[in-house]
Amino acid sequence: MKTIFDRSINGRLSPYQLESLANPRDFLPGGLIRKTPPDLPRVGELDVVRHFTGLSKRNFGVDSNFYPLGSCTMKYNPKFMEQIASLNGFTDLHPLLPQLKGAGLYTQGALQVIYELEDLLCRITGMEAYTLQPMAGAHGELTGAMLMAAYHNKKKNKKTTLIVPDSAHGTNPSSAAIAGYDVLTIKSRDGIIDPTALKQVLDNSVAGIMMTCPNTLGLFESHLPEIVDLIHSVDGLLYYDGANLNAILGRMLPGEAGFDVVHLNLHKTFGTPHGSGGPGSGPVGVNKKLEPFLPISRVVRLDDGQFFLNYAYPDSIGYIAPFYGNFGVMLKAYAYILRLGREGLLRVSENAVLSANYLRKKLEQHLHIPYNRICMHEFVASAVEQAKKGVRAVDIAKALLDRGHYAPTVYFPLIVKECLMMEPTETESKETLDVFVDDLVDILMKVDRDPETIRKSPQNTPVSRLDEVLAARNMQLCM
Amino acid sequence: MIPQDLLYTKSHEWVKVLENSVLTGITFFAQEQLGDITFVELPEVGRILEQGEEMGVVESVKAASEIYAPVSGEVVEVNLDLETAPELINHDPYGKGWITKIKTTEPVTGLLSPDQYSQLVDS
Amino acid sequence: MPYIPHTPEQQKQMLEIIGLGSMDDLFQDIPDHLKPRSFDLPPGKSEMEVTGFLRQLSSRNSTGLKSFLGAGFYDHYIPAAAPAMISRSEFYTAYTPYQAEASQGSLQALFEYQSAMCRLFDMEYANASVYDGGTAIYEAMMMAVRHIKRRKIIISGDLSPIYQHMLKCYTKNLRLELKVIDHLQGLPMMENLMDVLDENCAALIVQNPNFFGNILDYTEIFAHCHKLGIVSIASVYPVMQSVLKTPGEMGADIAVAEGQSLGLPLNFGGPYLGVMTCARHLIRQMPGRIVGKTKDSEGRDGFVLTLQAREQHIRREKATSNICSNQSLCALQALAYICLMGPSGLQGVALKSMDLAHYAAKKLTDIDGVRLLNNSPFGNEFALTLPVSAYDLIGELVQKNFVPGFPLGRYYPGMDNCLLMACTEKISKQDIGILSELIRGIIEG
Numbered sequence: 003m004k005t006i007f008d009r010s011i012n013g014r015l016s017p018y019q020l021e022s023l024a025n026p027r028d029f030l031p032g033g034l035i036r037k038t039p040p041d042l043p044r045v046g047e048l049d050v051v052r053h054f055t056g057l058s059k060r061n062f063g064v065d066s067n068f069y070p071l072g073s074c075t076m077k078y079n080p081k082f083m084e085q086i087a088s089l090n091g092f093t094d095l096h097p098l099l100p101q102l103k104g105a106g107l108y109t110q111g112a113l114q115v116i117y118e119l120e121d122l123l124c125r126i127t128g129m130e131a132y133t134l135q136p137m138a139g140a141h142g143e144l145t146g147a148m149l150m151a152a153y154h155n156k157k158k159n160k161k162t163t164l165i166v167p168d169s170a171h172g173t174n175p176s177s178a179a180i181a182g183y184d185v186l187t188i189k190s191r192d193g194i195i196d197p198t199a200l201k202q203v204l205d206n207s208v209a210g211i212m213m214t215c216p217n218t219l220g221l222f223e224s225h226l227p228e229i230v231d232l233i234h235s236v237d238g239l240l241y242y243d244g245a246n247l248n249a250i251l252g253r254m255l256p257g258e259a260g261f262d263v264v265h266l267n268l269h270k271t272f273g274t275p276h277g278s279g280g281p282g283s284g285p286v287g288v289n290k291k292l293e294p295f296l297p298i299s300r301v302v303r304l305d306d307g308q309f310f311l312n313y314a315y316p317d318s319i320g321y322i323a324p325f326y327g328n329f330g331v332m333l334k335a336y337a338y339i340l341r342l343g344r345e346g347l348l349r350v351s352e353n354a355v356l357s358a359n360y361l362r363k364k365l366e367q368h369l370h371i372p373y374n375r376i377c378m379h380e381f382v383a384s385a386v387e388q389a390k391k392g393v394r395a396v397d398i399a400k401a402l403l404d405r406g407h408y409a410p411t412v413y414f415p416l417i418v419k420e421c422l423m424m425e426p427t428e429t430e431s432k433e434t435l436d437v438f439v440d441d442l443v444d445i446l447m448k449v450d451r452d453p454e455t456i457r458k459s460p461q462n463t464p465v466s467r468l469d470e471v472l473a474a475r476n477m478q479l480c481m
Numbered sequence: 007m008i009p010q011d012l013l014y015t016k017s018h019e020w021v022k023v024l025e026n027s028v029l030t031g032i033t034f035f036a037q038e039q040l041g042d043i044t045f046v047e048l049p050e051v052g053r054i055l056e057q058g059e060e061m062g063v064v065e066s067v068k069a070a071s072e073i074y075a076p077v078s079g080e081v082v083e084v085n086l087d088l089e090t091a092p093e094l095i096n097h098d099p100y101g102k103g104w105i106t107k108i109k110t111t112e113p114v115t116g117l118l119s120p121d122q123y124s125q126l127v128d129s
Numbered sequence: 217m218p219y220i221p222h223t224p225e226q227q228k229q230m231l232e233i234i235g236l237g238s239m240d241d242l243f244q245d246i247p248d249h250l251k252p253r254s255f256d257l258p259p260g261k262s263e264m265e266v267t268g269f270l271r272q273l274s275s276r277n278s279t280g281l282k283s284f285l286g287a288g289f290y291d292h293y294i295p296a297a298a299p300a301m302i303s304r305s306e307f308y309t310a311y312t313p314y315q316a317e318a319s320q321g322s323l324q325a326l327f328e329y330q331s332a333m334c335r336l337f338d339m340e341y342a343n344a345s346v347y348d349g350g351t352a353i354y355e356a357m358m359m360a361v362r363h364i365k366r367r368k369i370i371i372s373g374d375l376s377p378i379y380q381h382m383l384k385c386y387t388k389n390l391r392l393e394l395k396v397i398d399h400l401q402g403l404p405m406m407e408n409l410m411d412v413l414d415e416n417c418a419a420l421i422v423q424n425p426n427f428f429g430n431i432l433d434y435t436e437i438f439a440h441c442h443k444l445g446i447v448s449i450a451s452v453y454p455v456m457q458s459v460l461k462t463p464g465e466m467g468a469d470i471a472v473a474e475g476q477s478l479g480l481p482l483n484f485g486g487p488y489l490g491v492m493t494c495a496r497h498l499i500r501q502m503p504g505r506i507v508g509k510t511k512d513s514e515g516r517d518g519f520v521l522t523l524q525a526r527e528q529h530i531r532r533e534k535a536t537s538n539i540c541s542n543q544s545l546c547a548l549q550a551l552a553y554i555c556l557m558g559p560s561g562l563q564g565v566a567l568k569s570m571d572l573a574h575y576a577a578k579k580l581t582d583i584d585g586v587r588l589l590n591n592s593p594f595g596n597e598f599a600l601t602l603p604v605s606a607y608d609l610i611g612e613l614v615q616k617n618f619v620p621g622f623p624l625g626r627y628y629p630g631m632d633n634c635l636l637m638a639c640t641e642k643i644s645k646q647d648i649g650i651l652s653e654l655i656r657g658i659i660e661g
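Residue numbers (my numbering), protein chains in the order written: chain G, 3 to 481; chain P, 7 to 129; chain L, 217 to 661.
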């Protein structure tokens, strides 16, 4: 499809052109003015609308396709949330308004949303306090690691190392490194953390552990109580990566289980859309130990019921975001939690886990499943057998696209060869799961009969297999 | 497959011993593991390396891997052809895909023989 | 239960296939004593109730204020077609485009966004966004540190104090030295900056227009940086960039921006858009997603995420950055805005806003005791010195439905009487007239 730049016609006027333009030289010396106007598309409104509509048809999304992308929790995004997030009473608010004298009164509704969402997240995870500032999951991880560092610095603990199990989320090691820690990877045993391996590396230099639970294999870390005791024995802290919280909503509260700091992905667990890659929102919750270090500002409620922004926290790590985080995303998650309520959230985890196990069971005859036992919200299959016949996980993924399903996560986690990580979520019907299984089994059958067709897929998508090597070597990154 | 006139490292670099210097690269096995190589980060000429120190990075679409200095010494030449044609490492890892030339002051030690490397790859 | 399609009968069938007797058995791996002591949440509500409640909350926020508040975040007009484009759920319900063949829409749009940013800033490469303008500066700074392997950063004190706070927070544990060179009357101290730049510095960070609204030329100091191997970083205001000398023309190595002014609502602080662009030689250090053009197996053009080997799921602790999710949908909306406005539309917005700001500055400086903080060129924002406290003045005017600007004393000690005032094309001359009379009334009594 042509780019919007290719549709540009010299002389075509924008409908938003303003008449009687001032001359920049009225305000600025010539040296401060750009030499030529930017060479941006000159198109009409219908050109833009046709272009974007055309592009949209070249995309899979949850609204059009089953999207079993493991660890991404691609559940249905209820539409009323979009409507709420576009209310002018929220979208038109300047973030500096509540910092002005007397203007806090005009943002009470927005501040209440932040305050109450924090409270609900505390209840959902068993934590004492939250910050909603982090703008994505990885941003939450970084915030969490910085909070851990602030705790240790305050106590003058000499801590240099964060432990990250090999089954943790992909961003954990780099988040820890960016927060200034050395990263120590420990190998899991039988798919979960091995307390013996942990003991071997545990000493006073350990600042804590970053855990994903259930982990990226979809398995619950059943040695958790022992791990909690071990880490706390060296005054280490436990970090809970909430990317997989969907599995345990209402079934375990990370705070009660001994975690000191938690991040959540509102765009995974709480139904806000992923937006082709963002915006997300990655709130961080802490227990009493870490509360003094939370980023500023924080929303507090006064005795008279008014909400205001408090910056007076001397031990705070400071500003993680310019303001209060991705407010538009929070609104949707807040609406989602209110809509579902206690029972609704319990049914989420239950049905997410039910569907994952159903899918696992239906596929176990056809695909190798390295840790084939009751899983949580997702499981990891492996195409090692197919790879021996020349059909790799990536080929199976592409063949699924041809049949109208988005692909599972492939080649992650790194600890399973040729892996396909599948997360059906609670919002997909049994009928959809059955069609997916039939299509996947059909592909797997073809591995023997007609591997070439599988290797050549996709064919039904707007483009066929794209050359990633060429892209990386040529580096054509703009027009 | 494994040239007999070279020495090797556990991290899959090869070394060709010349007079007062060595030529280095990554092995056939290493490039095969990485797949189509898309970028090579080369060290600066003149840099002094300790054996085992990171001297560059090779990237493919799905992986990136450090290249470690197989010997101590000064980088006297790098293969600039790799900047425009990183695929040389795939096509000819022991020849046109060489990576650095390192001037050595001491005899080369601590490397694997072709037989030892062969065992490493097989295991 | 809302959004869960399984019928009780289906649940039973599924459990049977799994070989379990009850839903509770699904959670058998969670030790009993870890099961929640309480799960104290309110009962669910109907869609109508939730929507009604949130409407009520939204109405507790006032949007009727006439606002001259900017400080880096601006209330420009957003054509209806811009949000309408990203309300296509094929865009907003998709994930990061890992499977390129099923994500050509998002990928091509992001490629076009990258192209638009490069052209607007005259830079060579762009990524597909980071979280916001502040994290873009932080990531740019880290690019410099990785590239040149030095640990000292020079910051001009007229960089947004909000972003200065963020940089301080992010670097606390990184053994980097941040040196802020104070501004003088809202202007960067070019000589002092020149003096501290040396071969221990990784980066110089400046902002244009600066926090006080002044427009500057950094060509000379960037050239000086270049000689010393220092990475020059400019944080800019994208809409104004349609008129102003570009970071590329000034020789910046990295240009970043808060992209909110490109058709995104103020939204009480987010989601916004962190724009990042760089010169060719720094592309390997660029964090985040980057879209590249390629061919499919039949030779057709297509787009993929590229340079992914630098990223955290592969490089783990050696990744260039930990950023994963970004602000793609905001980038798409910014692209739609740019296309709808076109080059002349963008320039129109910039010039109209500047025109109004100059009108306002003139009106206000007619008042006794009110003067501009400095006499340097400015765009659509300027700082005033008042004979009264800016904070208190705002307090009085808010009651009359006017927000005259931002009190600079909030971040700059000793500037309690300084007011930062911005205009966009949404302001009218009449509003400016009324506001200046109100201010005159307060000041002249």
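The C-beta atom is built at its ideal place from N, Cα and C for all residues, glycine as well.
Predicted, not measured: the structure shown is a model, and the values here were computed from it.
Straight-line CA distance for G/V203 to G/S224?
-> Here the question's residue 203 of chain G lines up with position 201 in the first sequence. Here the question's residue 224 of chain G lines up with position 222 in the first sequence. About 20 angstroms.
Could you tell me how far apart the beta carbons of L/M405 and L/D414 are, in whole angstroms, since I believe they sit closer than 8 angstroms?
-> Within the third sequence, numbered from 1, the residue matching residue 405 of chain L stands at position 189. Within the third sequence, numbered from 1, the residue matching residue 414 of chain L stands at position 198. L/M405 to L/D414, Cβ: 16 angstroms. No contact.
Own chain, CB closer than 7 angstroms to G/T109, minus 5 neighbours either side, in chain order = By 1-based counting over the first sequence, the position of residue 109 of chain G is 107. Within the same chain, G/T109 has close Cβ partners L95, L99 and P100.
If you draw a straight line from the alpha carbon of G/I456 to that of G/K189, how long is it in whole angstroms?
-> Working through the first sequence from its first residue, we reach residue 456 of chain G at position 454. Working through the first sequence from its first residue, we reach residue 189 of chain G at position 187. Straight-line Cα distance between these residues: approximately 34 angstroms.
Can you grab the Cα-Cα spacing for the pair L/Q524 / P/Y74, in whole Å?
-> Translated into positions along the third sequence, residue 524 of chain L becomes position 308. Translated into positions along the second sequence, residue 74 of chain P becomes position 68. Cα to Cα, the separation comes out at about 22 angstroms.
So is L/A525 in contact with chain P if we call contact Cβ pairs under 8 angstroms?
-> The residue given as residue 525 of chain L occupies position 309 in the third sequence. Interface residue, yes.
Rounded to the nearest angstrom, how far is the Cβ of G/G91 from that of L/N277, given a contact under 8 angstroms?
-> As a first step, residue 91 of chain G is located in the first sequence; it is residue number 89 there, counting from the start. As a first step, residue 277 of chain L is located in the third sequence; it is residue number 61 there, counting from the start. Indeed, because the Cβ distance is near 5 angstroms, the residues count as touching under 8 angstroms.
Could you tell me which chain L residues have their CB closer than 9 angstroms to the CB of G/P167, listed as they occur along the chain?
-> Working through the first sequence from its first residue, we reach residue 167 of chain G at position 165. None at all; the shortest Cβ gap to chain L is about 12 angstroms.
Any residues in the segment 315-328 of chain G with a beta carbon nearer than 8 angstroms to a beta carbon of chain L? Which ones, in chain order?
-> I319, G320, Y321, I322, A323, P324, F325, Y326, G327 and N328
For G/G56, does the three-state DSSP call read helix, strand or coil?
-> For this step, residue 56 of chain G is matched to residue 54 along the first sequence. If DSSP states are grouped into helix, strand and coil, G/G56 belongs with the helices.
Hey, does P/F35 have any beta-carbon neighbour from chain G nearer than 8 angstroms?
-> Here residue 35 of chain P corresponds to residue number 29 of the second sequence, with the count starting at 1. By this cut-off, P/F35 is not an interface position.
Taking just the CA atoms, how far does G/L247 sit from L/I539?
-> Along the third sequence, one-based indexing puts residue 539 of chain L at 323. Along the first sequence, one-based indexing puts residue 247 of chain G at 245. Each residue's Cα considered, the two are about 20 angstroms apart.
Rounded to the nearest angstrom, how far is the Cβ of G/V331 from that of G/P281, given a contact under 8 angstroms?
-> Taking the first residue of the first sequence as position 1, residue 331 of chain G is located at position 329. Taking the first residue of the first sequence as position 1, residue 281 of chain G is located at position 279. Their Cβ separation, rounded to whole angstroms, is 6 angstroms, which keeps G/V331 and G/P281 in contact under 8 angstroms.
For chain G, is any of its Cβ atoms less than 8 angstroms away from the one on L/Q501?
-> What you label residue 501 of chain L is simply residue 285 of the third sequence in a count that begins at 1. No, its Cβ sits nowhere closer than 8 angstroms to a Cβ of chain G.
In whole angstroms, what is the alpha-carbon distance linking L/S264 and G/F329?
-> By one-based count along the third sequence, residue 264 of chain L stands at place 48. By one-based count along the first sequence, residue 329 of chain G stands at place 327. In the sequence as displayed, the identity of residue 264 of chain L is Met instead of Ser. So the alpha carbons of these two residues sit roughly 22 angstroms apart.
Closest by C-alpha distance to G/E120, when choosing among L/Y290, L/L257, L/G321 and L/E393 = To locate residue 120 of chain G, count along the first sequence from 1; it is residue 118. The shortest C-alpha separation from G/E120 is found at L/L257.
Best match in L/G268, L/Q401 and L/Q476 for proximity to L/A298 [C-alpha to C-alpha] = Residue 298 of chain L sits at position 82 when you count from the first residue of the third sequence. When only C-alpha atoms are compared, the closest one is L/Q476.
Taking the alpha carbon of L/D433 as the point to measure from, which residue in L/L444, L/Y293 and L/Q457 has its own alpha carbon closest?
-> Stepping through the third sequence from its first residue, residue 433 of chain L is reached at position 217. Taking only the C-alpha atoms, the option nearest L/D433 is L/Q457.
Looking at the unbroken beta strand (DSSP E) that takes in L/K395, where does it start and where does it end?
-> Numbered from 1 along the third sequence, position 179 holds the residue referred to as residue 395 of chain L. Start and end: E393 to I397.
Would you call the segment 477-494 of chain L and the segment 440-454 of chain G touching, i.e. three or more CB-CB distances under 8 angstroms?
-> no
P/E65: contacting residues in chain L (beta-carbon distance under 7 angstroms) = The residue given as residue 65 of chain P occupies position 59 in the second sequence. Near P/E65 (Cβ distances below 7 angstroms), the residues of chain L are A525.
List the residues that DSSP assigns as beta-bridge partners of G/L311.
-> Taking the first sequence and counting its residues from 1, the one referred to as residue 311 of chain G is at position 309. Answer is G/V301, bridged to G/L311.
Please state whether DSSP places P/E50 in a helix, a strand or coil.
-> Numbered from 1 along the second sequence, position 44 holds the residue referred to as residue 50 of chain P. Of the three classes helix, strand and coil, the one that applies to P/E50 here is coil, per DSSP.
Could you work out which residue in L/V412, L/S451 and L/G611 is closest to L/C441 when comparing CA atoms only?
-> For this step, residue 441 of chain L is matched to residue 225 along the third sequence. Of L/V412, L/S451 and L/G611, the residue nearest in Cα terms is L/V412.
Reduced DSSP secondary structure (H/G/I, E/B, other) of G/R9 = Here residue 9 of chain G refers to the residue found at position 7 of the first sequence. Note: G/R9 maps to coil in three-state DSSP.
Please indicate yes or no: does the CB of G/P426 lie closer than 7 angstroms to some heavy atom of the ligand GDP?
-> With respect to the ligand GDP, the structure offers nothing, as it holds no ligand at all.
Of all the CB atoms in chain P, is at least one closer than 8 angstroms to the CB of G/A385?
-> In the first sequence, the residue the question calls residue 385 of chain G occupies position 383. It does not; no Cβ of chain P falls within 8 angstroms.
Jot down the residue ranges of each uninterrupted alpha helix (DSSP H) in the segment 396-453 of chain L, minimum 4 residues, whole runs only, in chain order.
-> 406-412 and 435-444
Along the chain, where does the beta strand (DSSP E) that runs through G/P167 open and close?
-> Taking the first residue of the first sequence as position 1, residue 167 of chain G is located at position 165. Counting along the chain, the beta strand (DSSP E) containing G/P167 begins and ends at T163 to P167.
In or out: P/M7 buried (at least 16 other Cβ within 10 Å) or exposed?
-> To locate residue 7 of chain P, count along the second sequence from 1; it is residue 1. The residue is exposed, with fewer than 16 neighbouring Cβ atoms inside 10 Å.
Amino acids of chain G, ordered along the chain, whose beta-carbon sits closer than 7 angstroms to that of L/Y219 | Translated into the one-based positions of the third sequence, residue 219 of chain L becomes position 3. Correct list: Y78, P80 and T429.
P/Y74, DSSP secondary structure in three states | As a position in the second sequence, residue 74 of chain P is number 68, starting the count at 1. Correct three-state label for P/Y74: strand.
Looking at chain P, which residues of the segment 447-471 of chain G have a Cβ within less than 9 angstroms of any of its Cβ atoms?
-> E470 and V471
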